[in-house]
Each structure stands twice: as structure tokens, then as C-alpha cells.
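Residue numbers (my numbering): 2 to 312.
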């Protein structure tokens with residue numbers, strides 16, 4: 002059993018969500034109290050009967066959970082300050098255009114638009130993330146400066162020479178056709194355009210089919226398509242990019258993740274959300290815990306790449 006509560010039919014234990022998550026995160030055991038008088042089984046699906054109308058995107062439990070964890074308007078590690086650090090090599094000014102590829106809810110998209118007064122386009126292949134992100138931009142009066150929409154490479158491919166800069170944060174490892182995606186980015190960039198990619202990659206000497214990855218990551222291993230550092234370097238070269246930065250940012254990234262989860266366990270609203278949707282919370286928490294274990298075991302690394310298109 003996970004750290005979220007008693008078995009079906011038992012009364013909720015008196016151990017708080019925060020205590021459970023902290024203990025689970027550190028690998029400690031939590032003694033279960035004896036169950037109180039049996040209560041009716043709680044089924045998370047009861048709150049969402051089959052005939053219920055779809056929820057507005059910003060009211061979807063997953064969207065609310067991600068924002069409770071990563072911050073208002075965010076769906077991945079890192080606040081506006083982190084995103085501004087990632088785009089710093091671009092030397093942005095208000096004459097430039099930027100594409101945030103795989104923008105999620107668009108927290109970074111809006112941060113850059115506000116900080117540099119530039120037009121930023123946010124694209125995400127996930128319909129829910131794109132719809133919720135668009136609404137968040139509208140709420141902040143940034144529907145033009147930080148326009149977010151769903152990306153379908155077949156229906157709406159990137160136009161040639163459309164952007165001065167492209168950034169892709171924490172998304173490439175989920176894409177099977179990485180080379181095609183990077184080629185599409187190259188097409189979408191102007192001559193001497195700039196690109197920044199951050200991604201989870203294989204550590205030196207680790208292969209994509211390493212059994213240790215499957216053991217640690219579980220189902221997440223089959224949903225990820227990790228490249229090595231060498232594979233990225235080769236791809237940039239073949240696409241005629243001048244690769245200026247390829248650095249390990251694992252320490253900084255790990256801090257972003259652990260600090261976010263620490264704050265999450267101490268936030269009353271986040272705890273209430275977790276109790277309402279324990280399955281969603283457990284899936285998210287388990288993914289990040291497994292990822293950090295794989296990093297600590299020396300199997301995965303987090304890299305930042307910055308390159309300039311040569312033609």
C-alpha cells in the first residue's frame with residue numbers, strides 16, 4: 002500500500018499526508034494505526050460519473066495538481082526565474098520571436114513574454130495542457146503576447162524561418178521521432194536562429210535497454226525514449242547547428258524538484274487536493290521519486306543544450 006491512506010473500507014489513518022509523503026520520499030516506513038470503524042469504500046471515480054459533463058480545463062484535477070506542485074500556471078519543474086535562466090543565451094529583445102515547444106501550461110511562455118516584451122508562441126501536443134494554458138494566458142491578458150495552442154505536426158507543421166529562437170524544456174525524452182522533431186525545429190528557425198533544449202539523457206555507458214532503468218523507472222521507462230549525450234551532439238552536427246553549450250544541470254534540477262515537493266507537503270490546499278485525488282498524486286509522486294533514484298544511481302542525467310543554426 003502507498004502512503005495515501007488506509008485500505009479500501011477502513012477509516013482514514015491519523016497520519017497526515019505530509020508525514021506520509023516525507024517518509025515515503027526518504028524511504029522510511031510509516032507505522033499504520035489500527036483501522037477505526039469500517040466506512041464505505043471510497044472510489045475516486047465516484048466524483049466523476051460517466052454521465053458528468055466535462056470539466057473546464059482549469060478545473061481538471063490533473064491541471065490543479067500540477068499547479069499546486071510546480072506553481073501557479075506551471076506544469077513542470079522551475080519557476081519564471083529558472084525559465085529566464087534557460088533563455089539567457091538568446092539575448093532576447095522586443096524585436097525577436099520565440100517558440101516554447103512543449104510548453105505545458107505555459108508558465109515559462111508567459112514569464113518570457115512579460116520579462117522581455119517579446120511575442121512567444123507556446124505549443125503543446127497534449128490537448129488538456131494546451132487548452133488550460135491558453136486560458137491562463139487569456140486570464141493574464143497575454144493571449145497575444147503568449148499565445149498557446151495545441152501542436153499537431155501533421156495538421157500544423159512549423160513554417161520555415163518563422164522564429165528567432167526555440168526552447169524545448171523537459172519534453173524531448175517523451176518523443177520517439179527526436180530527429181524529425183529537431184529537423185522541424187531547424188526548419189522553423191530563421192538563419193542564425195538559436196535553440197535551447199533541456200532533456201533527461203542517458204549517463205555515459207548506459208544503454209536505452211539497460212535493465213536497471215526498467216527496474217527503477219517501472220512503467221515510465223517504456224514511456225520514455227532517452228538519448229545519450231553523443232546522440233544529441235551527433236544530431237546537432239547533422240542538422241548543421243553550432244553547439245555552444247552542453248552542460249549537466251542535474252544538481253539545479255534536482256533542487257527544483259525536491260523543493261517543490263517539500264513545499265507541496267506543507268501546503269494545506271495541496272494536501273486537500275491530494276486527499277481528493279490520491280491516485281493522481283501518487284502517480285506524479287512516484288514518477289519523480291523514481292526519476293531522482295535513477296539520477297542518483299548514475300543512470301540518467303539532466304542536460305542543457307544551446308546551439309545556433311548555421312544557415
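Even glycine gets a Cβ: it sits at the ideal position worked out from N, Cα and C.
Reduced DSSP secondary structure (H/G/I, E/B, other) of residue 227: coil
Residues bridged to residue 215 by DSSP? Paired residues: none, contrary to the question.
Would you check if there are 3 or more beta carbon pairs closer than 8 Å linking the stretch 76 to 94 to the stretch 274 to 286? no
Run through DSSP, which three-state label would residue 307 get? strand
Keeping to the same chain, check which residues put their C-beta closer than 6 Å to that of residue 169; ignore five residues upstream and five downstream. 102, 103 and 198
With residue 137 as the anchor, note down where its alpha helix (DSSP H) starts and where it stops. 128 to 140
Which of the three DSSP states is assigned to residue 103 in this structure? coil
Check for me: the beta strand (DSSP E) holding residue 122 runs from which residue to which? 120 to 125
Have a look at residue 295 and residue 120 and give me their C-alpha separation to the nearest angstrom. 37 Å
If you reduce the DSSP assignment to three classes, tell me which class residue 96 lands in. coil
Give the C-beta separation of residue 222 and residue 230 to the nearest angstrom, bearing in mind that I take them to be a contact with Cβ-Cβ under 8 Å. About 19 Å separates the two Cβ atoms, so there is no contact after all.
Hey, how far is the Cα of residue 105 from the Cα of residue 206? 31 Å
Please state the DSSP three-state secondary structure of residue 64. helix
By Cβ distance, which residues of its chain are closer than 7 Å to residue 147, with the 5 residues on each side in sequence left out? 107, 110, 111, 114, 121, 123 and 138
Quick check: the stretch 158 to 173 against the stretch 131 to 145, are at least 3 beta-carbon pairs closer than 8 Å? no
Short of 6 Å in beta carbon distance, which residues of its chain neighbour residue 45, apart from the five on each side in sequence? Order them along the chain. Note that residue 45 scores a pLDDT of 46, beneath 50, so its modelled location is shaky; the value from the coordinates is reported in the next line. 280.
Does the contact criterion of 3 or more C-beta pairs under 8 Å hold for the stretch 60 to 76 versus the stretch 142 to 157? no
Pick from 201, 186 and 200: whose alpha carbon is nearest that of residue 194? 186
Quick one: is residue 273 buried, meaning 16 or more other Cβ sit within 10 Å of its Cβ, or exposed? exposed
Please report the distance separating the alpha-carbon of residue 224 from that of residue 210. 13 Å
Tell me whether residue 34 is buried or exposed, calling it buried when 16 or more other Cβ atoms sit within 10 Å of its Cβ. The pLDDT assigned to residue 34 is 48, lower than 50, so where the model puts this residue is not dependable; a value taken from the coordinates is nonetheless given after this. By the neighbour-count rule (16 or more Cβ atoms within 10 Å), residue 34 is not buried but exposed.
CA-CA distance, residue 300 and residue 208? 9 Å
Starting from residue 1, follow the alpha helix (DSSP H) in both directions and report where the run begins and ends. In the structure as shown, the chain starts at 2 and stops at 312, and residue 1 therefore has no counterpart that could be examined.
Counting C-beta neighbours from all protein chains within 10 Å, is the total for residue 65 16 or more, i.e. buried, or is it exposed? buried
Could you check which residue in 217, 293, 287 and 178 has the C-alpha nearest to that of residue 236? 178
Is it right to say residue 246 is buried, meaning 16 or more other beta carbons lie within 10 angstroms of its own, or is it exposed? exposed
Residue 308: which of 302, 283, 93 and 243 sits nearest, CA to CA? 243
Would you give the residue range spanned by the alpha helix (DSSP H) that residue 252 belongs to? 251 to 266
Between residue 291 and residue 218, what straight-line distance do the alpha-carbon atoms span, to the nearest angstrom? 5 Å
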